[in-house]
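Only one structure is covered here, and it is reproduced in the block below.
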Amino acid sequence: MTCQLALLLAGWLAWCGLHSLCVSHSVLCQARDLLGARFAWYRVGYVVTSTVTLLPLLLYQASLEQRVLWQWQGLWHLLQALLVLHTLAMALGGARAYRLEQILGLEQIRRARQGEGETTAALQTGGILRHVRHPWYSGGLSFLWAFGPVTDVSLAVRCLLSAYLLLGTLLEERKLLREFGAGYRQYRARTPAFFPWRLLWRRLPHRISSETVR
6 MTCQLALLLA
16 GWLAWCGLHS
26 LCVSHSVLCQ
36 ARDLLGARFA
46 WYRVGYVVTS
56 TVTLLPLLLY
66 QASLEQRVLW
76 QWQGLWHLLQ
86 ALLVLHTLAM
96 ALGGARAYRL
106 EQILGLEQIR
116 RARQGEGETT
126 AALQTGGILR
136 HVRHPWYSGG
146 LSFLWAFGPV
156 TDVSLAVRCL
166 LSAYLLLGTL
176 LEERKLLREF
186 GAGYRQYRAR
196 TPAFFPWRLL
206 WRRLPHRISS
216 ETVR
């Protein structure tokens, strides 16, 4: 099992590394210069490649014999429910705030076919982004820990992927600071990264005062 787990973790590390490398600033610039007009297809290729290469990892992980270390039971299901709700809220909120057509690469292809250039990126702060800066990273973290029992194999994978999401957040912060400068610094100063605690903090005194009046 030790060799199999090491192989699995090596596979996940390779997938995470390539996943981040392919959207790094330097690689994107080189790909744009190399591909020219065909660069419009880069994002779609990236999404397809990431998905296809993810499947063997999931299948290999599922094939390994695993020992259950901990599982959701009793009152712990309340915490699990909160994690699931948080995952759904972050996923759906992010889907509404982001331009999914652009994230999937479809917008780039459409614009290239219509002879239009690339759009200028704008700092998005509407919808759920008013309350958290990284809803999908946040939802990804809660998703990793909300489902299924914790096994000797899944624990190692969950820890690795959690670290990857946290590192991805830091890299995303650097990218956004490079693109938007002072505007993003102001946004970051007033908006939490993962959990909308400021929204809850603002609503709590109002709710307490309402209950007191009653």
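Heads up, the sequence shown is in my numbering, so the first residue is 6 and it goes up one at a time.
In this text, a Cβ means the ideal position worked out from N, Cα and C, and glycines have one as well.
**Nearest-angstrom beta carbon gap, Pro154 and Val89 [assumed within contact, 8 Å]** = The sequence position of residue 89 within the sequence shown is 84, counting from 1. The sequence position of residue 154 within the sequence shown is 149, counting from 1. That pair is no contact at about 15 Å.
**Asked** If we count Cβ pairs, one from each stretch, closer than 8 Å, do we get three or more for the region 162-169 versus the region 89-109?
**Response** no
**Prompt:** Leu128: which of Gln35, Leu87, Tyr192 sits nearest, CA to CA?
**Reply:** By one-based count along the sequence shown, residue 128 stands at place 123. If we check each option's Cα against that of Leu128, Tyr192 comes out closest.
**Prompt:** Does the distance from the CB of Thr92 to the CB of Ala187 come in under 8 Å?
**Reply:** To locate residue 92, count along the sequence shown from 1; it is residue 87. To locate residue 187, count along the sequence shown from 1; it is residue 182. In this structure, Ala187 does not lie closer than 8 Å to Thr92 by Cβ.
**Request:** With a threshold of 16 other CB atoms inside 10 Å of the CB of Gln113, please say whether the residue is buried or exposed.
**Result:** The sequence position of residue 113 within the sequence shown is 108, counting from 1. With 16 or more other Cβ atoms within 10 Å, it is buried.
**Asked** Is the Cβ-Cβ distance between Val158 and Thr196 less than 8 Å?
**Response** Stepping through the sequence shown from its first residue, residue 158 is reached at position 153. Stepping through the sequence shown from its first residue, residue 196 is reached at position 191. Not in contact: Val158 and Thr196 (Cβ atoms no closer than 8 Å).
**Message:** With distance defined between alpha-carbon atoms, name the residue in Cys8, Phe199, Ala11, Ala45 nearest to Gly144.
**Reply:** The residue you call residue 144 lines up with position 139 of the sequence shown. Checking every option, the nearest Cα to that of Gly144 belongs to Phe199.
**Residues bridged to Trp75 (per DSSP)** = For this step, residue 75 is matched to residue 70 along the sequence shown. Partner(s): Val155.
**Prompt:** How big is the Cα-Cα spacing for Trp46 and Arg118?
**Reply:** Position 41 of the sequence shown holds residue 46. Position 113 of the sequence shown holds residue 118. Those two C-alpha atoms are separated by around 11 Å.
**Prompt:** Who are the Cβ neighbours of Arg190 in its own chain at under 8 Å, not counting the five residues just before and after it?
**Reply:** Counting from one through the sequence shown, the residue named residue 190 turns up at place 185. Contacts found: Leu182.
**Request:** Grab me the residues of Pro201's own chain with a C-beta within less than 7 Å of its C-beta, minus the 5 sequence neighbours each way, in chain order.
**Result:** Locating residue 201 in the sequence shown gives position 196, where the first residue counts as 1. Closer than 7 Å at Cβ, skipping near neighbours: His136, Val137.
**Item:** Residue closest to Leu171, alpha-carbon to alpha-carbon, out of Leu146, Gln9, Cys34
**Value:** Sequence index remark: in the sequence shown, residue 171 carries index 166 (1-based). The candidate whose alpha carbon is nearest that of Leu171 is Leu146.
**Prompt:** Hey, which unbroken runs of the alpha helix (DSSP H) at 4 residues or more fall wholly within the region 133-197?
**Reply:** 140-151, 157-185, 187-195
**Asked** Shortest alpha-carbon distance to Phe185 belongs to which of Gly132, Ser29, Ala126, Gly173?
**Response** The residue labelled residue 185 in the question sits at position 180 within the sequence shown. Answer by Cα proximity: Ala126.
**Prompt:** Given Ala102, which residues of its chain have a CB within under 8 Å of its CB, disregarding the five upstream and five downstream residues?
**Reply:** Residue mapping note: residue 102 aligns to position 97 of the sequence shown, counting from 1. Taken in chain order, the residues that qualify are Gln129, Gly131, Gly132, Ile133, Leu134, Pro140.
**Prompt:** What do you reckon, are the CB atoms on Gly173 and Ser25 nearer than 8 Å?
**Reply:** On the sequence shown, residue 173 is found 168 positions in, with the first residue counted as 1. On the sequence shown, residue 25 is found 20 positions in, with the first residue counted as 1. Yes, Cβ-Cβ distance for Gly173 and Ser25 is below 8 Å.
**Prompt:** DSSP three-state call for Ala19: helix, strand or coil?
**Reply:** Along the sequence shown, read from residue 1 onward, the residue named residue 19 stands at position 14. In the structure shown, Ala19 sits in a helix (DSSP, three-state: H, G or I).
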